[in-house]
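A short write-up of the structure that comes next.
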Amino acid sequence: MKIAKPDKRDIDAAGELLSLMNDLSSGYCPWDGDEAATYFDPDDRQHLRRLYDVLDGLLDRAPGFTNRVIGGMCYAICWDRNEILDPADDCLSLHPDLLAGLRLLQAQRADFLPRLEREARAAVASTIEAAAARHLAEMRLAADVDAIQRSGPWLIGVDMASGPDTSHLCRRP
């Protein structure tokens, strides 16, 4: 699942929402910092209106932040199928497979480029050796054909080295 990454504005809005929710759960009204904190009365229309205005302002300043911040955490990072977090730990810690992969990467990082260069050089050398072997085989084959032609110049009345035998054409009866 892909979810857009939250930006600074999203994170700030999520922080404000978290603070607002903490205030409400403690019984305080979500007023701005310059007003004295009072207890939130769910039957007071002014308190309800203030709560609505604060929430509406958050959503206006960072539209969709809840999807990116809360949804990203719940449905991407915390989702067990993604194996990002350690399911055995009550705290946010990386999955053991991720940690093992990071350790393996760290162990191989120092040799990565030198190993890549060695493998590339070996591949080039192998290609050159194969081409040279093929060329030598072709040269030997050509030399063998040439030697055969020189060692047995007459084959079915044809001198392979100098052409067909035309001596019988020059005789007079």
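Those letters in the sequence shown? Residues 7 to 179, per the working numbering, in order.
Ideal Cβ placement from N, Cα and C applies to all residues, glycine included.
Simplified DSSP assignment, three categories, for residue i
| i | result |
| --- | --- |
| Leu-104 | helix |
| Leu-91 | strand |
C-alpha distance - residue i paired with residue j, whole-angstrom precision
| i | j | result |
| --- | --- | --- |
| Met-79 | Glu-125 | 41 Å |
| Asn-88 | Leu-105 | 14 Å |
| Glu-123 | Glu-144 | 32 Å |
| Lys-8 | Ala-82 | 8 Å |
| Asp-95 | Gln-114 | 28 Å |
| Cys-35 | His-53 | 7 Å |
| Asn-28 | Arg-109 | 38 Å |
| Asp-150 | Arg-140 | 15 Å |
| Ala-131 | Ala-138 | 10 Å |
| Ala-129 | Arg-74 | 46 Å |
| Asp-50 | Gly-33 | 13 Å |
| Ser-31 | Gly-107 | 41 Å |
| Gln-112 | Leu-100 | 16 Å |
| Leu-98 | Ala-116 | 29 Å |
| Phe-118 | Glu-135 | 26 Å |
| Ala-10 | Gly-77 | 10 Å |
| Gln-155 | Leu-142 | 20 Å |
| Pro-12 | Cys-84 | 16 Å |
Among the options, nearest to residue i - alpha-carbon criterion
| i | options | result |
| --- | --- | --- |
| Pro-102 | Leu-111, Leu-91 and Gln-112 | Leu-91 |
Identified DSSP bridge partners for residue i
| i | result |
| --- | --- |
| Tyr-81 | DSSP, once it has assigned bridges, lists no residue as partnering Tyr-81. |
Cβ of residue i within 8 Å of any chain B Cβ
| i | result |
| --- | --- |
| Pro-120 | Given the protein chain composition of this structure (a single chain), no chain B is represented. |
Could you say if the stretch 62-75 and the stretch 10-25 meet the contact criterion of at least three C-beta pairs nearer than 8 Å? With the cut-off at 8 Å, the stretch 62-75 and the stretch 10-25 touch.
Using 8 Å as the cut-off, can you tell me whether the stretch 21-31 makes contact with the stretch 45-64, which would need three or more C-beta pairs spanning the two stretches below that distance? A contact exists between the stretch 21-31 and the stretch 45-64.
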